[in-house]
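Taken in order, these protein sequences are the chains called Z and X. Counting in numbering that gives the first Met the number 0, the first sequence runs from 0 upward without gaps. Counting in numbering that gives the first Met the number 0, the second sequence runs from 0 upward without gaps. Notes for the one structure printed next.
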Amino acid sequence: MDSTILMFLVQDGVVNGAVYALLGVALVLVFTVTRVVFIPQGAFVAYGGLTMAALEAGRTPGTAWLLLVMGVVAAGMELLRRWGTSPPRVMARILAVDIGVPCGLLAVSLWLPGHGLGQWANILLTFALVIPIGPVLYRIAFQPLADASVLVLFIVAVGIDLTMTGLGLVFFGPEGYRTEVFSAVSFSVGPLNISAQSIWIVAMAAMLLGGLFVFFERTLLGKALRASAVNRRGARLVGIPTSLSGRTAFGLAAFIGCLSGLLIAPVTTIYFDTGFMVGLKGLIGAIIGGLISYPVTAVAALVVGLLEAFSSFEASAFKEVIIFTVIIPVLLWRSLTRPHIEDEE
Amino acid sequence: MSRNMAVMVTILAAATWGADAARAADIKIGYTLSITGPAASLGVPQKNTVGILPAEIGGHKVRYIVLDDGGDATRSVANARKLVTEEKVDVLIGSSITPPTMPLLDVAAETGTLLIANVPAQRTVSPVDDKRRWVFKVIQGEALLARAIADHMAKAGIKSVGFIGFNDAYGEGYYNEFKTLLPERGIAIAAKEGFARADTSVTGQVLKLLAAKPDAVLVVAAGTPAVLPAKTLKERGFDKTIYQTAGIATQDFIRVGGKDVEGTVFSAGPVLVAEQLPAHNASRAIGMDYIKRYEEAYKTPFAAFGAHVDDAVRFISRAVPPALKAGTPGTPAFRAALRDALETGGEVPLAHGVANITAKDHNGLDDRAAVMVRIENGAWKLVP
Chain Z
0 MDSTILMFLV QDGVVNGAVY ALLGVALVLV FTVTRVVFIP QGAFVAYGGL TMAALEAGRT
60 PGTAWLLLVM GVVAAGMELL RRWGTSPPRV MARILAVDIG VPCGLLAVSL WLPGHGLGQW
120 ANILLTFALV IPIGPVLYRI AFQPLADASV LVLFIVAVGI DLTMTGLGLV FFGPEGYRTE
180 VFSAVSFSVG PLNISAQSIW IVAMAAMLLG GLFVFFERTL LGKALRASAV NRRGARLVGI
240 PTSLSGRTAF GLAAFIGCLS GLLIAPVTTI YFDTGFMVGL KGLIGAIIGG LISYPVTAVA
300 ALVVGLLEAF SSFEASAFKE VIIFTVIIPV LLWRSLTRPH IEDEE
Chain X
0 MSRNMAVMVT ILAAATWGAD AARAADIKIG YTLSITGPAA SLGVPQKNTV GILPAEIGGH
60 KVRYIVLDDG GDATRSVANA RKLVTEEKVD VLIGSSITPP TMPLLDVAAE TGTLLIANVP
120 AQRTVSPVDD KRRWVFKVIQ GEALLARAIA DHMAKAGIKS VGFIGFNDAY GEGYYNEFKT
180 LLPERGIAIA AKEGFARADT SVTGQVLKLL AAKPDAVLVV AAGTPAVLPA KTLKERGFDK
240 TIYQTAGIAT QDFIRVGGKD VEGTVFSAGP VLVAEQLPAH NASRAIGMDY IKRYEEAYKT
300 PFAAFGAHVD DAVRFISRAV PPALKAGTPG TPAFRAALRD ALETGGEVPL AHGVANITAK
360 DHNGLDDRAA VMVRIENGAW KLVP
């Protein structure tokens, strides 16, 4: 292996690792706040990339309909819960937000094809369609189970992942899509050829990770999230609504997943089930970070990306084996050094 | 019991008996296809093809029953057993990929039901032993398609090839053929790399291939995932020929690949370029007819592997009239006669070549089932 190959591999590893880091951090975020191991994190990557691809192709993405259906279900559950206790004004607001907004978005996505407003309009609409799926998903599936054990939440998460992947097949079909690159420029650094897209990926990942840091350290909402992560009951006692924390965490996770999908869709082909594998590699990072530490997760995910690049060069047949084997010594070390704590709340 | 009720029961009994009798006379063909899951891009056009199959064979009504196995071997077996025991099908067809197909061999042998294997893998029908007596296949085996590629490489004067293929039955099946075919023609395999369908990057593998400085690269992958190695090779400045296999024969491959797959050379069944075949070619008219029916019904481009499903029924049709003399559909006598008739049917022209099945060879396709195709200006072009 000469230095040129080495540099190419490092570049490839860093770009992939940046995406894994984003997903890993989102997993840690969701887990600390809601105790859900968010397996469907990867599905948001696929939904983001494929929604964008559908908009580019001038079609109305299935996610627009999904959002409306989920909004109706969530509003129904909310109204049923509040029946006879909340004033009509509150009920009307629920209806407007949960059903009105998705209806508006659906109308825009039905209208948009044929009126192509360019890439940035498509990106904005993709965000608007995919991000709300996160919080609404939390309200439908996890909020009623907020006090269940981690195992129950995990199994629900697996079920949701299967459902989302299946719906992805219905919405987007079995074939893969690529989207337009943000910018086709590429730079030559010595023998290395760096595409603008890979710079986008790394830069966005770095910015987002930095942004999350500021969010948790400096903003009231971020601090509220941290409080509910540290102690749910304590947070509730001092007046932090934990369901709001849950919704925010899921919204952020959906945003990160959707953004990752938009970033990688121009450089690789996205399928309805692409997200699972990508999410799983983020999960390795998150597990190495103990599902609690953001910096360790980000660094570990970067290492997973690099390891993947090098093992695909050295022993491509065993690539996945090598990556997933990394987790075993980490788990051993963690369980030997940390006293086992029963998960009870 | 009142008289009215007695009458009603009689009518009901008569009605159900009548319906049963009518249904018993129908020929039943049961499918287990991978309509969801990782092989959905193969399974969906195949399922669509079932929708345009003839409603009658030899003057007999045919009922087609399609079940989904999601590419999973457990589900394909459950489907096959359901089709055989509950629906009493005469013919089983499936599945879309090799892993869920192999266990169907046991179901077919055990229950004495005809199985038309719907995958390229030659080990589904070879050797013809007690287990495979009931199994036929009218899809080109890897050897047939690999030989066409190897011959093309030899003619082009290629001396070394870099191989990158799926880490699964598809990639390994082809590799095992090329392992002997290429050295026989004086071509060395300079590097062998693997990748997975879900991979988002193959940079490492491609760098390894390029380090071996091959005259050409052979990509063995199915559907749009085969684009990724080609795109990465182009990004890294590889300008020699990229060979692919019949697995890429879908319009989606060209859509996703765009200009990066221009000039790709691969071997495929003749249906892919039916219109460009010489007029005397037996597959020309049949292939064009299939494409017309498919595209009229679904308004989407056909996929070559959908035509296998059409071929299977065309192939069975020839054996139905003699089998009907031996027994009514749904009976073991009918199935046994159908099986025997398939072995002695002689040459059957299909969209994918000409099958000549004998008691010793349950595949029976020859070189007429493979043509070389090049991608030019985003379209399939027959290489003479």
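Where a beta carbon is used, it is the ideal one built from N, C-alpha and C, also for glycine.
Contact set for X/Q250: own chain, Cβ-Cβ below 6 Å, skip 5 residues either direction: On the second sequence, position 251 is the one that residue 250 of chain X refers to. Hits under 6 Å: P300.
Closer than 8 Å to chain Z by CB, X/S266: As a working note, residue 266 of chain X is residue 267 in the second sequence. X/S266 does not count as touching chain Z.
Inter-stretch contact at 8 Å, needing at least 3 Cβ pairs: the segment 150 to 164 of chain X / the segment 184 to 204 of chain X: yes
Chain-ordered chain X contacts of Z/A316 [CB-CB under 7 Å]: Within the first sequence, numbered from 1, the residue matching residue 316 of chain Z stands at position 317. What Z/A316 touches in chain X: N166, G193.
Interface residues of chain X facing Z/L258 [CB-CB closer than 7 Å]: Residue numbering aside, residue 258 of chain Z sits at position 259 when the first sequence is read from its first letter. Residues of chain X passing the Cβ test: none, with the nearest at roughly 15 Å.
Partner residues on chain Z for X/Q204, Cβ-Cβ distance less than 8 Å: The residue you call residue 204 of chain X lines up with position 205 of the second sequence. Per Cβ cutoff of 8 Å: S311, F312, S315.
Reduced DSSP secondary structure (H/G/I, E/B, other) of X/H361: If you number the second sequence from 1, residue 361 of chain X lands on position 362. Of the three classes helix, strand and coil, the one that applies to X/H361 here is coil, per DSSP.
8 Å Cβ cutoff, Z/Y176 in contact with chain X: Locating residue 176 of chain Z in the first sequence gives position 177, where the first residue counts as 1. Judged by the 8 Å Cβ criterion, Z/Y176 is in contact with chain X.
Nearest to Z/G250 (by Cα), restricted to the options Z/I287, Z/R231, Z/A204, Z/P131: Locating residue 250 of chain Z in the first sequence gives position 251, where the first residue counts as 1. Ranking Z/I287, Z/R231, Z/A204, Z/P131 by Cα distance to Z/G250 puts Z/P131 first.
Residues near X/A20 by beta carbon distance below 7 Å, same chain, minus five either side: Counting from 1 along the second sequence, the entry for residue 20 of chain X is found at position 21. A caution first: X/A20 carries a pLDDT of 46, below 50, which makes its placement in the model unreliable, though a value can still be read off. The answer is none, since no qualifying residue turns up.
Where X/G203 falls, given that 16 or more other Cβ within 10 Å makes a residue buried: Stepping through the second sequence from its first residue, residue 203 of chain X is reached at position 204. Classification for X/G203: buried.
Close-in-space but distant-in-sequence residues of the same chain around Z/S310 (CB under 8 Å, 5 per side omitted): In the first sequence, the residue the question calls residue 310 of chain Z occupies position 311. Counting only Cβ-Cβ distances below 8 Å, and skipping sequence neighbours, we find F317, K318, I321, I322.
4 or more residues per run - each alpha helix (DSSP H) lying fully within the segment 211 to 295 of chain Z: 219 to 229, 231 to 236, 241 to 263, 273 to 287
Beta-carbon proximity list for Z/T336, same chain, < 8 Å, skipping 5 on both sides: For this step, residue 336 of chain Z is matched to residue 337 along the first sequence. No residues qualify anywhere along the chain.
Members of the segment 0 to 21 of chain Z that neighbour chain X once the beta carbon cut-off is set at 7 Å: I4, F7, L8, D11, N15
Residue-chain proximity (X/S200, chain Z), Cβ-Cβ < 8 Å: Residue numbering aside, residue 200 of chain X sits at position 201 when the second sequence is read from its first letter. With 8 Å as the cut-off, X/S200 counts as an interface residue toward chain Z.
Outcome for Z/G233 when other beta-carbon atoms lying within 10 angstroms are tallied against a minimum of 16: Sequence index remark: in the first sequence, residue 233 of chain Z carries index 234 (1-based). It counts as exposed.
Cβ pair X/G262, X/V219 closer than 8 Å: The count along the second sequence starts at 1 and reaches residue 262 of chain X at position 263. The count along the second sequence starts at 1 and reaches residue 219 of chain X at position 220. Going by C-beta atoms, X/G262 is not nearer than 8 Å to X/V219.
Alpha-carbon to alpha-carbon, X/K154 and X/L180: On the second sequence, position 181 is the one that residue 180 of chain X refers to. On the second sequence, position 155 is the one that residue 154 of chain X refers to. C-alpha separation (whole angstroms): 14 Å.
CA-to-CA distance, X/K136 to X/T123, given in whole angstroms: Taking the second sequence and counting its residues from 1, one reaches residue 123 of chain X at position 124. Taking the second sequence and counting its residues from 1, one reaches residue 136 of chain X at position 137. Cα-Cα distance, rounded: 8 Å.
Cross-chain neighbours of Z/A308 in chain X, by beta carbon under 7 Å: Within the first sequence, numbered from 1, the residue matching residue 308 of chain Z stands at position 309. The contacting residues are T202, G203.
Residues in the segment 266 to 286 of chain Z having any Cβ partner in chain X nearer than 9 Å: V266, T267, T268, I269, Y270, F271, D272, T273, F275, M276, V277
Cα-Cα separation, X/R196 to X/D128: As a position in the second sequence, residue 196 of chain X is number 197, starting the count at 1. As a position in the second sequence, residue 128 of chain X is number 129, starting the count at 1. Answer to the nearest angstrom: the Cα atoms are 34 Å apart.
Minimum Cβ-Cβ distance from Z/G48 to chain X less than 8 Å: The residue you call residue 48 of chain Z lines up with position 49 of the first sequence. No, no contact with chain X.
Under 7 Å from the C-beta of X/S40: neighbouring residues of chain Z: Walking along the second sequence from the start, residue 40 of chain X turns up at place 41. Under the 7 Å cutoff, chain Z gives P173, E174.
Residues near Z/A91 by beta carbon distance below 8 Å, same chain, minus five either side: Residue 91 of chain Z sits at position 92 when you count from the first residue of the first sequence. If we look at Z/A91 and ignore the five residues flanking it on each side, it has no Cβ neighbours.
Residue nearest to Z/L290 in terms of C-alpha spacing, selected from Z/M6, Z/M276, Z/T31: Residue numbering aside, residue 290 of chain Z sits at position 291 when the first sequence is read from its first letter. Checking every option, the nearest Cα to that of Z/L290 belongs to Z/T31.
Beta bridge counterpart(s) of X/F165 as assigned by DSSP: Residue mapping note: residue 165 of chain X aligns to position 166 of the second sequence, counting from 1. Note: X/F165 sits in a beta bridge opposite X/F194.
Chain-order list of residues whose beta-carbon lies under 8 Å from that of X/G363 (same chain, five-residue window excluded): For the purposes of this step, residue 363 of chain X is identified with residue 364 of the second sequence, where counting begins at 1. Only V137, A354, N355, I356, T357 meet the Cβ criterion.
Counted within 10 angstroms of its Cβ, other Cβ atoms place Z/M69 as buried (16 or more) or exposed: Residue mapping note: residue 69 of chain Z aligns to position 70 of the first sequence, counting from 1. Under this definition Z/M69 is a buried residue.
Touch test, the segment 21 to 31 of chain Z against the segment 96 to 112 of chain Z, Cβ-Cβ under 8 Å, three pairs minimum: no
Nonlocal neighbours in the same chain, by C-beta distance under 6 Å from X/D259, ignoring five residues either side: Within the second sequence, residue 259 of chain X is the residue found at index 260, counting from 1. Closer than 6 Å at the Cβ level, and outside the excluded window around X/D259, lie A229, K230, K233.
Contact list for Z/G83 against chain X, beta-carbon separation under 7 Å: Your numbering for residue 83 of chain Z matches position 84 in the first sequence. Near Z/G83 there are no residues of chain X at all, since even the closest Cβ is about 43 Å away, more than 7 Å.
Nearest residue (CA-CA) to X/I34, options X/G69, X/I28, X/H59: Walking along the second sequence from the start, residue 34 of chain X turns up at place 35. Nearest of X/G69, X/I28, X/H59 to X/I34, Cα basis: X/G69.
Identity of the residue in Z/S182, Z/A205, Z/V188 nearest Z/Q196 by Cα: By one-based count along the first sequence, residue 196 of chain Z stands at place 197. Of the listed residues, the one whose Cα sits closest to Z/Q196 is Z/S182.
Cβ shell of Z/L211 (< 6 Å), same chain only, five flanking positions each side left out: Residue mapping note: residue 211 of chain Z aligns to position 212 of the first sequence, counting from 1. Correct list: empty, nothing qualifies.
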